[in-house]
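The opening position of the sequence shown corresponds to residue 91 in my numbering, with each subsequent residue numbered one higher.
In this text, a Cβ means the ideal position worked out from N, Cα and C, and glycines have one as well.
All of these numbers come straight from a predicted model, not from anything done at the bench.
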Amino acid sequence: MNGRIPEETVEQIRQTADIVEVISDYVQLKKQGKQYIGLCPFHGEKSPSFSVSPDKQLYYCFGCGASGNVFSFLMNHENFTFIETVQHLAKRTDIDLPEHVLTTNEQTSKPQDEMIQGHELAAKLYHHILTLTEEGKIGLEYAKKRGFTKEQIEHFQIGVVPDRWDTLVTIFKKRNYTLTQMVKAGLLGRRESDGEYYDRFRNRLMFPIWNSQGKTIGFNARSLGDENPKYLNSSETPIFQKGQTLYAFHLARSSIRKANSALLFEGAVDVIAAWGAGIHHAIATLGTALTDEQARRIRRNAETVTICYDSDRAGIDAAFRAATILENAGCIVKVAVMPEGLDPDDFIKKFGAERFKNDVIGASLTVMAFKMRFLRKGRNLNDENERIQYIEDVLKEVSTLPRAIERDHYVRQLADEFSLSLDALKQEQFRIYREKKNQSTYQKSADPFPKKNEGKKSFEQKKLLPAYHNAERFLLSHMIRNVEIAEKVQERIGGQFNVDEHHAIAAYLYAFYGEGNEPDPGSFVQRINDEGVKRLASEIAMQAVEEDCSPQVIDDYIKQIENYPKWVEIHKKQLELKREQDPIVFAQLQMELIKMKKELQSS
């Protein structure tokens with residue numbers, strides 16, 4: 091028996107899996123009228139243009155054109171196959187799938203699936219060894235010495251790997267895992283001398299790293315002895331990219347959304363310590379600098395981000411860079427400054443949760459205040475040259491601030507601190523701003539290799555469509571909502587739409603209603619096989635139209651569609667007239683043109 095999923099089961103899953111709830115796992119949605127809006131997960135943006143309709147069970151992005159239903163969202167966002175998507179939603183909605191579907195999918199699973207399964211098995215094994223075996227006692231004593239409670243160990247599934255070469259190798263062999271895949275997954279190594287496999291991690295406390303679905307895809311490992319490096323992250327693999335992953339994001343996501351705020355640390359241990367202190371909206375990067383993709387992911391779930399990095403020079407430099415990246419992603423950014431010589435984990439252990447909340451997080455600085463402190467470090471402001479350079483550097487940062495009230499605030503602060511003329515500082519700040527703007531304009535005009543499609547999409551979105559084109563779109567939108575309108579249009583013009591894609595949508599729609607289906611935009615879009623047509627159908631279904639449309643309006647749309655080919659013929663005739671030199675033929679063509687225009691007016 092093949093692995094085809096019955097159509098009625100797919101439809102049951104689609105109707106049960108509410109698209110707003112599913113997409114809310116990935117995007118922070120806010121209700122706006124009948125729709126929900128948020129930042130598009132498929133392209134970077136600062137203002138929300140991503141719309142989700144609970145009535146139609148469809149989504150559409152007015153920025154990049156991404157569109158579809160709950161199935162296409164997961165397939166595009168998670169790179170699932172259709173069967174994987176159905177399985178994921180079936181599990182979410184407690185709908186049973188036929189046994190043969192599950193079996194077929196297991197047989198055709200991708201290599202990445204086995205890599206994830208290997209990591210899931212390893213995480214469970216490490217946690218079991220730490221909490222329930224004699225072999226894990228050393229690791230458990232170390233964990234308790236570091237201040238980890240039983241609750242923290244359970245919540246973050248902390249484990250330990252013994253000081254042996256074959257802990258994982260043995261269990262993978264017993265479970266018939268493909269060992270070469272486990273090497274590619276970063277869990278095993280292989281000796282060149284004899285080809286034998288060995289565990290990559292040994293004698294370490296293990297912190298699982300998860301993807302957005304809560305599946306283990308890597309580990310952060312802390313040495314139990316004197317081995318170097320002290321901390322060791324999994325290497326990059328097909329299932330784990332450091333620049334795309336944020337530690338404990340799936341655990342913190344609901345708290346982040348509830349607070350509309352995220353607390354960003356540099357490492358896993360700080361997140362665990364913060365959770366123990368009652369701070370549940372904490373996440374961390376994984377041994378690398380914050381990336382644009384990570385910043386966009388945070389912004390889709392929270393408006394405000396507080397950076398809390400280590401107090402050493404490297405931590406301060408990293409916080410400076412992260413603040414800029416987060417601001418570019420559209421976040422409101424604050425920076426919590428740690429006392430010198432302490433990281434967040436150390437501070438919580440030494441002074442307790444309340445002081446961390448009040449004295450560190452509660453005393454967070456604005457980004458500009460933090461940058462001013464950053465620029466001041468290592469400078470002797472009693473020295474005239476260094477003082478002038480500091481003021482110049484601060485003014486450069488001030489000139490990047492978007493709000494005039496912010497710029498005025500910090501310029502006045504400089505004027506008061508150094509007893510300088512406010513007007514002179516404002517003039518200098520404006521000169522820097524103008525210089526940057528001119529430089530940016532010059533770079534764009536001088537770029538010998540401009541991006542091919544830069545600005546093209548926005549132009550295409552803003553350009554006006556011809557009247558007949560709009561008429562077809564609005565008519566199709568009403569047809570998708572109302573079977574009686576669709577039947578009327580089918581009787582009048584059938585498939586005689588002037589745009590090929592509109593003709594295809596109408597054909598799909600006639601077939602959909604012909605099967606006895608009631609109007610259901612989400613279900614209809616699911617039936618379309620062509621991705622381009624499906625995307626356009628989603629866009630048309632999502633566009634705003636009057637719910638109670640009069641028969642006269644529908645007739646006007648139909649007439650515009652019927653008349654467009656006649657206008658095309660008239661235009662051709664007018665071109666012939668312009669080229670014609672023979673006066674007799676010219677007069678004949680003119681009479682034909684007059685007749686065509688009269689017929690068009692009478693229709």
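Measuring straight from C-alpha to C-alpha, what distance separates alanine 426 and phenylalanine 132?
Roughly 31 Å between the two C-alpha positions.
Contact check, valine 361 vs tyrosine 337 under 8 Å by CB: the rounded distance?
That pair is a contact at about 6 Å.
Could you pull the start and end residues of the beta strand (DSSP E) that tyrosine 287 belongs to?
Start and end: 287-289.
If you follow the alpha helix (DSSP H) that tryptophan 300 is in, where does it begin and where does it stop?
Looking at the DSSP string, tryptophan 300 is not in any alpha helix (DSSP H); the run it does join, the beta strand (DSSP E), is 294-300.
Rounded to whole angstroms, what is the Cα-Cα separation between arginine 497 and valine 488?
Their Cα atoms are separated by approximately 6 Å.
What are the boundary residues of the beta strand (DSSP E) that asparagine 65 is part of?
In the structure displayed, the chain extends from 91 to 693; residue 65 sits before or after that span and is not available.
Indicate whether at least one CB of chain C lies closer than 8 Å to the CB of leucine 129.
As a matter of chain content, chain C is missing from the structure shown, which is built from one protein chain.
Residues bridged to leucine 679 by DSSP?
According to DSSP, which records beta bridges pairwise, leucine 679 is partnered with nothing at all.
Give me the Cα-Cα distance between arginine 563 and leucine 416, rounded to the nearest whole angstrom.
Cα to Cα, the separation comes out at about 39 Å.
Work out the CA separation of histidine 340 and serine 302 for me, nearest whole Å.
Cα to Cα, serine 302 sits roughly 5 Å from histidine 340.
Look at isoleucine 206 and threonine 221 and say whether their C-beta atoms are less than 8 Å apart.
Cβ distance not < 8 Å, so isoleucine 206 and threonine 221 don't count as in contact.
Which residues in the same chain as glutamate 608 place their Cβ atom closer than 8 Å to its Cβ, once the five residues preceding and following it in sequence are excluded?
Contacts found: Val573.
Work out the CA separation of lysine 662 and serine 548 for me, nearest whole Å.
Because serine 548 carries a pLDDT of 40, less than 50, the predicted location of this residue cannot be relied on, and no value is offered for it.
Within a Cβ cutoff of 7 Å, which residues of the same chain sit near glutamine 551, ignoring the five residues on either side of it in sequence?
Any answer about glutamine 551 is weak, because its pLDDT of 45 lies below 50 and its placement is not dependable; what the coordinates show is given next. Nothing listed; no residue qualifies.
Using the Cβ count rule (16 or more neighbours within 10 Å means buried), how would you classify glutamine 125?
With 16 or more other Cβ atoms within 10 Å, it is buried.
By DSSP, does threonine 194 sit in helix, in strand, or in coil?
Model confidence at threonine 194 stands at a pLDDT of 49, short of 50, so the residue's coordinates are unreliable; what they give is reported in the following sentence. Note: threonine 194 maps to helix in three-state DSSP.
Between which two residues does the beta strand (DSSP E) harbouring threonine 396 extend?
First-last of the beta strand (DSSP E) with threonine 396: 394-397.
Can you give the Cα-Cα distance for valine 423 and glutamate 326, rounded to whole angstroms?
Rounded to the nearest angstrom, the two C-alpha atoms are 29 Å apart.
Enumerate in chain order the residues of its own chain whose CB-to-CB distance from proline 38 is below 6 Å, with the five nearest sequence positions on each side excluded.
An answer regarding residue 38 cannot be provided, because it is not within the stretch 91 to 693 covered by the chain.
For a minimum of 3 consecutive residues, which ranges assigned as the beta strand (DSSP E) are wholly contained in the stretch 415-468?
Segments of the beta strand (DSSP E) lying fully in the stretch 415-468: 422-425.
Select from Gln680, Gln384, Ala275 and Ile388 the residue whose C-alpha is nearest the C-alpha of leucine 665.
The option with the nearest alpha carbon to leucine 665 is Gln680.
Quick one: Cα of aspartate 253 to Cα of lysine 263, how far?
Their backbone Cα atoms lie some 19 Å apart in a straight line.
Valine 359 and aspartate 435: beta carbons closer than 8 Å?
A contact, by the Cβ cut-off of 8 Å.
Are the CB atoms of tyrosine 232 and leucine 314 nearer to each other than 8 Å?
Yes; because the gap between Cβ atoms is below 8 Å, this pair is in contact.
Pick out the complete alpha helix (DSSP H) segments inside the stretch 130-205, 4 residues or longer, and give them in chain order.
The qualifying runs are 160-167, 172-183 and 189-197.
Between Lys527, Asp108 and Pro201, which has its C-alpha nearest glutamine 271's C-alpha?
Closest by alpha carbon: Pro201.
How many Å lie between glutamate 544 and aspartate 145 at the Cα?
Bear in mind that the predicted position of glutamate 544 carries a pLDDT of just 41, short of 50, making it too unreliable to give a figure here.
If you follow the beta strand (DSSP E) that tyrosine 126 is in, where does it begin and where does it stop?
Unbroken beta strand (DSSP E) run through tyrosine 126: 125-128.
Looking at the strands, I want to know which residues DSSP matches up with phenylalanine 355.
Answer is Ala374.
Could you check what DSSP says for arginine 477 in three-state terms: helix, strand or coil?
Of the three classes helix, strand and coil, the one that applies to arginine 477 here is helix, per DSSP.
Who pairs with phenylalanine 309 in a beta bridge, going by DSSP?
Note: phenylalanine 309 sits in a beta bridge opposite Pro298.
Given glycine 237, which residues of its chain have a CB within under 7 Å of its CB, disregarding the five upstream and five downstream residues?
Only Lys439 meet the Cβ criterion.
Does the stretch 619-632 come into contact with the stretch 143-160, if we say contact requires no fewer than three beta-carbon pairs (one atom in each stretch) closer than 8 Å?
At 8 Å Cβ cutoff, the stretches touch.
Name the two residues that bound the continuous beta strand (DSSP E) containing tyrosine 598.
Run containing tyrosine 598: none in the beta strand (DSSP E); it sits in the alpha helix (DSSP H), 590-604.
Pull the bridge partners of lysine 120 from the DSSP assignment, please.
Looking at the DSSP assignment, lysine 120 forms a beta bridge with Ile127.
Measure the CB-CB distance between isoleucine 95 and isoleucine 185 and report whether it falls below 8 Å.
In this structure, isoleucine 185 does not lie closer than 8 Å to isoleucine 95 by Cβ.
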